[in-house]
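*Asks:*
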Amino acid sequence: MLIGRASEKSRLINYYHSSKAEFVVIYGRRRVGKTHLIRETFGNDFFFYFTGTTTVHTAAGQLERFTKALSLKGVKPRHKIKNWNEAFDLL
15 MLIGRASEKS RLINYYHSSK AEFVVIYGRR RVGKTHLIRE TFGNDFFFYF TGTTTVHTAA
75 GQLERFTKAL SLKGVKPRHK IKNWNEAFDL L
């Protein structure tokens, strides 16, 4: 159950039902409920889902994890992803 997040949930649902492609970034301090907000709003209705980690401290490491997660869904890059723009293009 979400408490005090009706506005955020409503905005996410509006983006989801938009007639155009939308890209939403949710950021904030650790342990404030970002992942919980997403799961409560959408359940498991995702093709792809990725969460960064605190155990990988470099952008290159996060990009590698992102690329690996995509490849598990059948999206394979033709070359090593060098930056987040390339990663999002692949997505």
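Positions 15 to 105 (this note's numbering) are the ones given, in order, by the sequence shown.
The C-beta atom is built at its ideal place from N, Cα and C for all residues, glycine as well.
Computed from a prediction, not measured in an experiment: that's the story for all the values here.
#1: Could you tell me the boundaries of the alpha helix (DSSP H) in which N99 lies?
#2: Below 8 angstroms on the Cβ atoms is my guess for T65 versus T49; work out the distance and round it to an integer in Å.
#3: Thinking C-beta only, is F60 closer than 8 angstroms to L105?
#4: If we call anything under 8 angstroms between Cβ atoms a contact, is L84 one with T55?
#5: How many angstroms separate the CA atom of F102 from the CA atom of G18?
#6: Please state the DSSP three-state secondary structure of T72.
#7: Count the other CB atoms within 10 Å of the CB of I95; is the residue buried (16 or more) or exposed (fewer)?
#8: With a CB to CB cut of under 6 angstroms and the five nearest residues on each side skipped, what residues in its chain are close to V38?
#9: Quick one, which of L77, R45, L86 has its alpha-carbon nearest E100's?
*Replies:* Quick answer:
#1: 98-104
#2: 6 angstroms
#3: no
#4: no
#5: 31 angstroms
#6: coil
#7: buried
#8: Y29
#9: L77
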